[in-house]
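K.L.:
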Amino acid sequence: MVDDSSRLLALAGAYNVRDMGGYALGGGRHFARGKVFRSGDLDALTQDDLTALATRGLRTVVDFREDAERLRSPDKLPSTVTDVYALPIQPGALSALRELPADADQVFMMQVLYRALVREAVGEYREFFRILMQDSSSPLLFHCSAGKDRTGLGAALLLTALGADRELVYHDYLLSAEYLKEKYRQYLEDPAQANLFTVRREYLDAAFAEMEENYGGVENYLTRELGADPDRLVQLFAA
Numbered sequence: 009m010v011d012d013s014s015r016l017l018a019l020a021g022a023y024n025v026r027d028m029g030g031y032a033l034g035g036g037r038h039f040a041r042g043k044v045f046r047s048g049d050l051d052a053l054t055q056d057d058l059t060a061l062a063t064r065g066l067r068t069v070v071d072f073r074e075d076a077e078r079l080r081s082p083d084k085l086p087s088t089v090t091d092v093y094a095l096p097i098q099p100g101a102l103s104a105l106r107e108l109p110a111d112a113d114q115v116f117m118m119q120v121l122y123r124a125l126v127r128e129a130v131g132e133y134r135e136f137f138r139i140l141m142q143d144s145s146s147p148l149l150f151h152c153s154a155g156k157d158r159t160g161l162g163a164a165l166l167l168t169a170l171g172a173d174r175e176l177v178y179h180d181y182l183l184s185a186e187y188l189k190e191k192y193r194q195y196l197e198d199p200a201q202a203n204l205f206t207v208r209r210e211y212l213d214a215a216f217a218e219m220e221e222n223y224g225g226v227e228n229y230l231t232r233e234l235g236a237d238p239d240r241l242v243q244l245f246a247a
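Residue numbers (the working numbering): 9 to 247.
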């Protein structure tokens, strides 16, 4: 297992920013470094942060936030970025989850949300994979507000398509719980909201269960619904 700290970009104005490269994939391959990054929102990047991303040659940004989220907190991007894609996904916006009653079963509601992501964001994730599979897209960064739900599922799908072991997929997903502690400390200390502002294994379980129960399995969901081509993705991102 690659040292997680070596993949985390310690930016002053953003949380949960990671190079997905370095993970072991099937067939003795590894996810190539510096090709795909995942993160939370980018509206508070400092000049040093922008320089750090520019140094990595960042070319493409995919933004899963809703239109209102993007207008409220527009991204700051390095000058190297030439293509920005807005692929707004409604399930997963934390603003909606804050309206839940105090006695709501948070874990159950998050599981419902992840099942909704699988069903309702097919078009957005299909476009995400189309962009990924273009020769000129990388280095690419994809993000939402926290980088844990909409981005977390996107990362899980990409790692799965590349042949990563399921436990490694969960490992990458669950890192958000650690990397977002500081950003969401006030919410995590509130029992009425804590499970909304972190990740749990049960949430991703629900997404995979939705794919198994209603789409013939994760691989079918990836290839038939999302148009992902594992061979093409390996060609582009595996080393």
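Using N, Cα and C, we set each Cβ at its ideal position, and we do this for glycine too. Predicted, not measured: the structure shown is a model, and the values here were computed from it.
1. List the whole-angstrom C-beta distance separating Tyr-133 from Ala-214, where the pair is believed to meet the contact cut-off of C-beta under 8 Å.
2. Do you know offhand how far Tyr-229's Cα is from Met-219's?
3. For Asp-57 and Val-89, what's the separation of their Cα atoms in angstroms?
4. Are the beta-carbon atoms belonging to Ala-94 and Arg-78 less than 8 Å from one another?
5. Return the first residue and the last residue of the beta strand (DSSP E) that His-151 is part of.
6. I'd like the list of long-range same chain contacts for Ala-60, defined as Cβ closer than 7 Å, with 5 residues on each side in sequence excluded.
7. Would Ala-124 pass as an interface residue toward chain C - the criterion being a Cβ-Cβ separation below 8 Å?
8. Following the continuous beta strand (DSSP E) through Val-92, name the residue where it begins and the one where it ends.
9. Contact check, Ala-163 vs Tyr-181 under 8 Å by CB: the rounded distance?
10. So which of Ala-169, Asp-157 and Lys-84 has the shortest CA-CA distance to Leu-241?
11. Excluding five sequence neighbours on each side, which residues of the same chain lie with their C-beta closer than 6 Å to the C-beta of Val-92?
12. Around the Cβ of Thr-159, are there at least 16 other Cβ atoms within 10 angstroms (buried) or fewer (exposed)?
13. In whole angstroms, give me the CA-to-CA distance for Leu-53 and Met-117.
14. Count the other C-beta atoms from every protein chain shown that fall within 10 angstroms of the C-beta of Lys-189, then say buried if there are 16 or more, exposed otherwise.
15. Should Pro-96 and Asp-75 be called a contact, given that it needs their Cβ atoms to be closer than 8 Å?
16. Taking a contact to mean a Cβ-Cβ separation below 8 Å, would you say Leu-66 touches Leu-166 in this structure?
17. Should Ala-202 go down as buried or exposed, given a rule of 16 or more other Cβ atoms within 10 Å for buried?
P.N.:
Straight from the coordinates:
1. Indexing the sequence shown from 1 puts residue 133 at position 125. Indexing the sequence shown from 1 puts residue 214 at position 206. That belief does not hold up - the Cβ atoms of Tyr-133 and Ala-214 are roughly 16 Å apart, past 8 Å.
2. Counting from 1 along the sequence shown, the entry for residue 229 is found at position 221. Counting from 1 along the sequence shown, the entry for residue 219 is found at position 211. So the two alpha carbons sit approximately 6 Å from each other.
3. Position 49 of the sequence shown, counted from the first residue, corresponds to residue 57. Position 81 of the sequence shown, counted from the first residue, corresponds to residue 89. Straight-line Cα distance between these residues: approximately 14 Å.
4. Position 86 of the sequence shown holds residue 94. Position 70 of the sequence shown holds residue 78. Yes, Cβ-Cβ distance for Ala-94 and Arg-78 is below 8 Å.
5. In the sequence shown, residue 151 corresponds to position 143, counting from 1. Here the beta strand (DSSP E) through His-151 covers 148-151.
6. Sequence index remark: in the sequence shown, residue 60 carries index 52 (1-based). For Ala-60, where only same-chain residues beyond five positions count, the Cβ hits under 7 Å are Leu-17 and Leu-19.
7. Looking at the structure shown, chain C is missing, and only one protein chain is on hand.
8. In the sequence shown, counting from the first residue as 1, residue 92 sits at position 84. 91-94 is the span of the beta strand (DSSP E), which, as asked, contains Val-92.
9. If you number the sequence shown from 1, residue 163 lands on position 155. If you number the sequence shown from 1, residue 181 lands on position 173. Yes, Ala-163 and Tyr-181 are in contact; Cβ-Cβ is about 7 Å, under 8 Å.
10. Against the sequence shown, residue 241 aligns to sequence position 233. When only C-alpha atoms are compared, the closest one is Ala-169.
11. The residue given as residue 92 occupies position 84 in the sequence shown. Cβ within range, chain order: Val-69.
12. As a first step, residue 159 must be located in the sequence shown, where it is residue number 151. Its Cβ being crowded by 16 or more others within 10 Å, Thr-159 is buried.
13. Along the sequence shown, read from residue 1 onward, the residue named residue 53 stands at position 45. Along the sequence shown, read from residue 1 onward, the residue named residue 117 stands at position 109. Distance between the alpha carbons of Leu-53 and Met-117: 32 Å.
14. Translated into positions along the sequence shown, residue 189 becomes position 181. Counting Cβ neighbours within 10 Å, Lys-189 comes out exposed, since fewer than 16 surround it.
15. Residue 96 sits at position 88 when you count from the first residue of the sequence shown. Residue 75 sits at position 67 when you count from the first residue of the sequence shown. Yes, the pair counts as a contact, with Cβ atoms nearer than the cut-off.
16. As a position in the sequence shown, residue 66 is number 58, starting the count at 1. As a position in the sequence shown, residue 166 is number 158, starting the count at 1. No, the pair does not count as a contact, with Cβ atoms beyond the cut-off.
17. Position 194 of the sequence shown, counted from the start, is the residue given in the question as residue 202. The residue in question, Ala-202, is exposed, as its Cβ has fewer than 16 Cβ neighbours within 10 Å.
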